[in-house]
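Okay, so the sequence shown: first residue is 502 according to my numbering, each after it adds one. Worksheet: the structure to be examined is printed underneath.
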Amino acid sequence: MDWANQGTAMANLTINGKTLTLDVEPDTPLLWAIRENAGLTGTKYGCGIAQCGACTVHIDGVAMRSCGVSVSEAEGKKITTIEGLASGNTLHKVQDAWIAHDVPQCGYCQSGMIMAVAALLNEKPKPTDADIDEAITNICRCGTFQQVREAIHTIASA
């Protein structure tokens with residue numbers, strides 16, 4: 502038995518374009534690897550059961566709730582967090598719209614909401630209200646859903 506490596510596991514994750522080797526078990530939720538091991542704290546813990554959406558990231562361009570994805574499931578895939586959404590000093594169009602429409606109140610859920618909306622707009626650049634209702638199931642306790650919808654429609658009409 503190799504006692505030097507007992508109890509340690511390594512995962513290679515590509516997060517925001519950088520490949521990181523993290524000391525995590527394969528069944529660790531991706532959320533914790535992102536926050537605790539990679540030090541990217543923009544992705545938030547909300548419920549831990551993939552229901553609220555605060556932990557939403559993109560995995561190969563698809564919005565996923567990172568608390569419900571294991572590190573082993575994410576290996577070999579392109580992971581984008583809120584920290585990787587902007588391009589240099591240029592905010593993503595969803596981030597700009599969030600500012601223009603005063604969407605965040607407390608802001609806790611907003612990184613996940615922004616990631617979900619960005620994925621929706623990549624898939625459907627001009628979503629209908631039905632598309633928004635179907636795709637954006639993130640929970641905002643401050644109730645900013647109307648501002649979110651207005652921001653989405655502003656982007657879609659640009």
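Note that the Cβ used here is the ideal one computed from N, Cα and C, for glycine as well.
Candidates the options, of which the one nearest residue i by Cα
i       : options                            : result
Gly-585 : Glu-624, His-654, Asn-517          : Asn-517
Cys-556 : Glu-651, Leu-531, Asp-630, Lys-578 : Leu-531
Lys-642 : Val-618, Asp-630, Glu-576, Gly-547 : Rather than Lys, the amino acid found at residue 642 in this sequence is Arg. That would be Gly-547, whose Cα lies nearest to the Cα of Arg-642.
Gln-611 : Leu-592, Asn-639, Asn-590          : Asn-639
Phe-646 : Lys-578, Ala-620, Val-604, Thr-515 : Val-604
Gln-552 : Glu-651, Ile-560, Gly-569, Asp-561 : Gly-569
Ala-598 : Ala-575, Ile-560, Ala-619, Asn-590 : Ala-619
Leu-583 : Glu-576, Val-525, Glu-574, Ser-567 : Per the sequence shown, residue 583 should be read as Ile rather than Leu. Here the closest residue by C-alpha is Ser-567.
Lys-519 : Ser-658, Gly-577, Ala-659, Lys-545 : Gly-577
Thr-515 : Ala-631, Ala-659, Ile-560          : Ile-560
Per-residue DSSP class, three states only, for residue i
i       : result
Thr-655 : helix
Gln-507 : With a pLDDT of only 48 at Gln-507, under 50, the local geometry of the prediction cannot be trusted, and the value read off the model is given with reservation. In the structure shown, Gln-507 sits in coil (DSSP, three-state: anything other than H, G, I, E or B).
Asp-528 : coil
Asn-538 : helix
Ala-555 : coil
Arg-650 : helix
Val-675 : Outside the displayed span of the chain (502 to 659) sits residue 675, for which this structure offers no information.
Lys-625 : coil
Met-502 : Bear in mind that the predicted position of Met-502 carries a pLDDT of just 35, short of 50, making it too unreliable to give a figure here.
Ala-587 : coil
Expected contact under 8 Å - CB spacing of residue i and residue j to nearest Å
i       : j       : result
Met-614 : Val-649 : 6 Å
Val-572 : Pro-628 : Between Pro-628 and Val-572 the Cβ distance is about 31 Å, and since that is not below 8 Å, they are no contact.
Leu-622 : Ile-637 : About 11 Å separates the two Cβ atoms, so there is no contact after all.
Residue i and residue j closer than 7 Å at C-beta
i       : j       : result
Ile-580 : Val-563 : no
Leu-521 : Ala-510 : no
Leu-541 : Ala-534 : no
Ile-656 : Ile-633 : no
Ala-601 : His-593 : no
Run of the beta strand (DSSP E) containing residue i, from where it starts to where it stops
i       : result
Lys-579 : 579–581
Boundaries (first-last residue) of the alpha helix (DSSP H) holding residue i
i       : result
Ala-598 : 594–601
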